[in-house]
Amino acid sequence: MTAPLAPTTILALDVDHLDLPRRRAVVIGQDARAELVGWETKTARLLPRLLRRRRHGPVFLAAIAPAPARQPTLADLDPDTGRARLSYRRAAEVFKDASGGWTLHQLRHCRLTHLAETGLQLPMLMAKSRHTSLTSLTIYAKPTFDAVAAATAVIDPAHRH
Numbered sequence: 758m759t760a761p762l763a764p765t766t767i768l769a770l771d772v773d774h775l776d777l778p779r780r781r782a783v784v785i786g787q788d789a790r791a792e793l794v795g796w797e798t799k800t801a802r803l804l805p806r807l808l809r810r811r812r813h814g815p816v817f818l819a820a821i822a823p824a825p826a827r828q829p830t831l832a833d834l835d836p837d838t839g840r841a842r843l844s845y846r847r848a849a850e851v852f853k854d855a856s857g858g859w860t861l862h863q864l865r866h867c868r869l870t871h872l873a874e875t876g877l878q879l880p881m882l883m884a885k886s887r888h889t890s891l892t893s894l895t896i897y898a899k900p901t902f903d904a905v906a907a908a909t910a911v912i913d914p915a916h917r918h
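For the sequence shown, the working numbering assigns the number 758 to the initial residue and increments by one for each residue that follows.
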């Protein structure tokens with residue numbers, strides 16, 4: 758997904774919210790408003806493998822069905838397999854194990870930093886991150902020294918290109 762949304766927003770996606778040909782989905786943001794999120798080519802290639810022809814239910818599923826004593830709501834169950842929606846806690850554990858210790862929050866932070874270093878303008882960074890304040894965005898968008906040096910070279914009138 759291209760927009761660094763909160764992981765809970767992405768984990769709440771249902772299969773029928775996805776528009777696979779147009780690479781976008783309707784999500785309900787933290788302010789309870791419906792908005793669109795888009796994704797890149799790699800995600801577009803992986804989603805069909807993840808969905809395995811499923812047409813309904815949660816996009817992200819737990820590896821096993823829930824115990825009888827821990828039955829989630831029907832909206833959080835895959836009707837075909839009986840598996841439940843992947844929880845934030847479990848997603849964080851899986852990601853931490855697979856990434857060598859990174860957290861989901863660090864993934865979001867890293868993505869915003871990389872986007873800032875490519876020269877993406879602040880209004881676009883705010884739109885992609887769903888931040889409404891420059892102050893809260895600056896926590897994430899901290900370019901490295903090399904990125905600042907490259908930007909300095911671009912605006913240096915005496916720099917040879």
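Using N, Cα and C, we set each Cβ at its ideal position, and we do this for glycine too. Treat the numbers as computed from the prediction; the structure is a model and nothing was measured.
Counting only the same chain and skipping the five closest in sequence on each side, list residues whose C-beta sits under 6 angstroms from that of residue i.
| i | result |
| --- | --- |
| Q828 | none |
| V816 | L770 and V772 |
| A789 | none |
| T759 | Because the pLDDT of T759 is 43, which lies under 50, any placement of that residue in the model is unreliable, and the question is left without a value. |
Can you tell me whether residue i is helix, strand or coil according to DSSP?
| i | result |
| --- | --- |
| E792 | strand |
| P825 | helix |
| L831 | helix |
| I785 | strand |
State buried or exposed for residue i, treating a residue as buried only when at least 16 other CB atoms are found within 10 Å of its CB.
| i | result |
| --- | --- |
| R842 | buried |
| S886 | buried |
| D854 | exposed |
Give me, in chain order, the residues of the same chain whose beta-carbon lies closer than 8 angstroms to that of residue i; leave out the 5 immediate sequence neighbours on both sides.
| i | result |
| --- | --- |
| V784 | L762, T766, I767, A769, L770, H774, A791, E792, L793 and V794 |
| P805 | L777 |
Verify whether the separation of the beta carbon atoms of residue i and residue j is less than 9 angstroms.
| i | j | result |
| --- | --- | --- |
| A849 | P764 | yes |
| T870 | T895 | no |
| R840 | A822 | yes |
| M883 | T889 | yes |
Spatial neighbours of residue i within its chain, please: C-beta separation below 7 angstroms, excluding the five flanking residues on both sides.
| i | result |
| --- | --- |
| D835 | R811, G814, P815 and L818 |
| R919 | Outside the displayed range of the chain (758 to 918) lies residue 919, so it cannot be described from this structure. |
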